[in-house]
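Residue numbers (this note's numbering): 1 to 445. No residue lacks a Cβ here, since even glycine has one placed at the ideal position from N, Cα and C.
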Amino acid sequence: MDDLLLKPDKSKNYRGFEKINGLNFAKTNVKDRKYDYLLSLMGIKKAETTFENGILYLSIGNGNPPKTDCKEHETVIEIGNGGITVSGRTSDEISNGVKMLIDMYASRGKTGYFPIGEFRYVPKIKLRAVHMCLFDPDDGTQKEDTNISSVRRRIETAALSGYNSLILEFWGMFPYEKREYAHWRNCHSRESVEKLISFIIDDLHMTAIPCQNLTSHAGWSRITSRRHVVLDQCPDLSDMYIPGGWCFATTREDTKAFLRDIMDDLVKTFRNPPLFHCSCDKCFGFGSSEEERVLPADDLFVNHLKFLRDELEKRGARMAMWADMLYSSIDVKYWKCSEGTADRLPKDILMNIWTHNDIGNGEWKDITYFEDKGFETAYSPWINKDGAKNMVEQCLKHNSLGIIQTTWHKPETALPTVVYTGGYMWSAKEPSAETVKSHVRWKNV
């Protein structure tokens with residue numbers, strides 16, 4: 001089973017792959033999820049829901065009774081000549097098992113062959129997330145296709161590569177209801193966005209997480225486009241931003257009201273997500289009025305981050321942010337915060353440390369800088385495979401919360417790295433180049 005991306009940890013009574021007939025029906029006692037879409041990828045129409053109590057399970061064909069000795073977070077798959085049974089304590093374990101079955105099914109050309117035996121798996125990394133963008137196709141910049149159908153295909157690839165969370169950033173393409181000038185006129189329809197989020201949550205069993213720049217990158221457009229979603233349409237709102245519009249003027253009440261409405265729209269549409277990514281990278285300034293411009297930038301930054309964190313807590317979401325301004329950018333020549341700024345922040349903010357390059361196989365100082373202060377961290381690689389490899393290894397070593405794999409304006413180019421990182425996070429075993437290549441290929445034909 002070396003060619004599997006979603007490898008089990010243990011196997012018992014394994015005797016190779018055999019063709020199993022009669023896998024045309026399924027049943028489950030999981031009540032909070034539907035498995036129809038995932039099962040359809042193996043040619044199975046749907047799963048009948050039973051009302052049995054006890055250990056959760058999903059059986060296909062004439063599978064054996066569920067295993068009752070499942071440990072916490074453990075998925076147990078039993079495959080015999082008569083059928084298949086996936087057992088676990090929660091629906092997450094059942095979903096993990098079904099995705100492992102899809103991987104097994106596809107590894108033999110989708111011909112009905114499965115490995116015979118008992119297989120057990122426990123996740124190695126808690127947060128296994130991928131970040132995807134939906135850009136304005138007409139912004140005049142060079143980028144790969146990010147229309148909804150292409151994004152949907154890549155999301156499915158990520159789900160079947162072991163990711164459990166999907167972070168979406170819309171770049172002016174989200175159809176805000178409370179502030180209609182906060183999106184481009186050619187933004188996606190609310191129906192199409194809700195369908196995409198439903199696909200993520202209901203069909204792929206991933207956590208859908210919104211990402212929106214609520215501090216910097218306030219134009220909500222690619223830098224090279226020189227466009228600004230709000231000010232290009234409503235220049236009279238310029239007081240809500242610093243001169244030039246790169247950052248929000250964070251102390252103004254109209255700015256805060258605007259940001260609250262943005263949060264409300266996203267939290268509602270993403271169906272009360274547990275996490276909300278506020279970005280907050282590359283902050284160049286905060287004040288708009290003369291009074292604000294003489295206030296210490298450290299204070300403005302800290303107060304604004306606390307405002308975002310508190311507002312999101314009211315909405316049931318934990319705040320995540322790019323952490324570069326609190327550590328990696330301390331040596332920049334424009335404004336830089338003092339080294340003690342992070343100490344003033346609530347420790348439940350998730351610090352997302354990132355670089356587009358390889359961190360090397362030594363210690364990445366960003367990790368201990370934040371974790372020694374009591375923050376949880378997640379790391380973000382991009383296209384660089386060596387960088388992804390070293391981040392996964394550091395995440396495992398430090399037992400950090402997880403990885404947020406980015407794709408930015410090159411999502412198709414990044415797809416092999418997405419698959420590679422997903423497989424490595426899944427089993428803590430580096431997938432081979434051939435395994436990655438085959439998974440990119442069969443999931444995208």
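- Contact check for residue 256 against residue 301 fails: the beta carbons are separated by 8 Å or more.
- Residue 214 sits away from residue 283, with the two beta carbons spaced by 8 Å or more.
- Distance between residue 340 and residue 303, taken at the CA atoms: about 14 Å.
- When the five nearest sequence neighbours on each side are left out, the beta carbons in the same chain lying within less than 7 Å of the beta carbon of residue 27 are those of 47, 48, 50, 59, in order along the chain.
- In this structure residue 83 is in contact with residue 61, their Cβ atoms being roughly 3 Å apart against a cut-off of 8 Å.
- Between residue 171 and residue 246 the beta-carbon gap is near 15 Å, outside 8 Å, which marks them as no contact.
- Distance from the CA atom of residue 125 to the CA atom of residue 132, rounded to whole angstroms, is 20 Å.
- In the DSSP assignment, residue 322 is bridged to 352.
- A distance below 6 Å between beta-carbons, with the five flanking residues on each side excluded, links residue 259 to the following residues of its chain, in chain order: 214.
- Judged by DSSP secondary structure, residue 102 falls within the alpha helix (DSSP H) whose first and last residues are 91-107.
- Membership of residue 197 in the alpha helix (DSSP H) is indicated by the continuous run 190-198.
- The continuous beta strand (DSSP E) containing residue 378 extends over residues 377-380.
- A direct Cα-Cα distance of roughly 26 Å separates residue 296 from residue 354.
- The alpha carbon of residue 362 has as its nearest neighbour, out of 389, 316, 280, the alpha carbon of 389.
- With respect to residue 53, residue 75 sits apart: the two C-beta atoms are not nearer than 8 Å.
- Rounded to whole angstroms, the gap between the alpha carbons of residue 156 and residue 169 is 17 Å.
- Straight through space, the alpha carbons of residue 140 and residue 261 are spaced by roughly 29 Å.
- Annotated three-state conformation of residue 395 is helix, per DSSP.
- Per DSSP, the beta bridge partners of residue 248 are 241.
- In this chain, residue 427 is not harboured by any beta strand (DSSP E); it is covered by the alpha helix (DSSP H) spanning 411-427.
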